[in-house]
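Novice: Just so you know, the sequence shown maps onto residues 1196 to 1278 in this note's numbering.
What follows is a structure written as structure tokens; I'll ask about it next.
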Amino acid sequence: MKKGKFKLSKSDSNSFHFYASSIATWVTGTDPEEVLNRIRKEDNHELMHSLWFVPVPEDSPYEICWYAPQVKGAVFLGTYNRQ
């Protein structure tokens, strides 16, 4: 994974998380590489998946619409394939 232009520390991890989704499943976590690895393992199909930065704690309730988190300040980071 390419290194991003912003840096987050583990001490910030209670105020954000990453959300990845495909048409088959979704995964959340505070480490983007771990989230991508988990969705690749859980998704038995060779589907594309999207990654989002979500600026609320991982256990916060929010809506998902068309595979995207509905949270003010959420940032779409990209679409990835399984490779």
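Even glycine gets a Cβ: it sits at the ideal position worked out from N, Cα and C.
Because the structure is a prediction, the values reported are computed rather than measured.
#1: Here's a check: name, in chain order, each residue in its chain whose Cβ is nearer than 8 Å to the Cβ of GLY1273, leaving out the five neighbours to either side.
#2: Classify SER1255 as buried or exposed, calling it buried when 16 or more other Cβ atoms lie within 10 Å of its own Cβ.
#3: Give me the residue from LYS1236, THR1220, ALA1215 with the minimum Cα distance to ASP1226.
#4: Starting from the Cα of GLY1268, find the closest Cα among TYR1257, GLU1229, TYR1275, ASN1276 and give me that residue.
#5: Out of curiosity, what's the CA-to-CA distance linking TYR1262 and GLU1253?
Specialist: Let's see:
#1: SER1245, LEU1246
#2: exposed
#3: ALA1215
#4: TYR1257
#5: 16 Å
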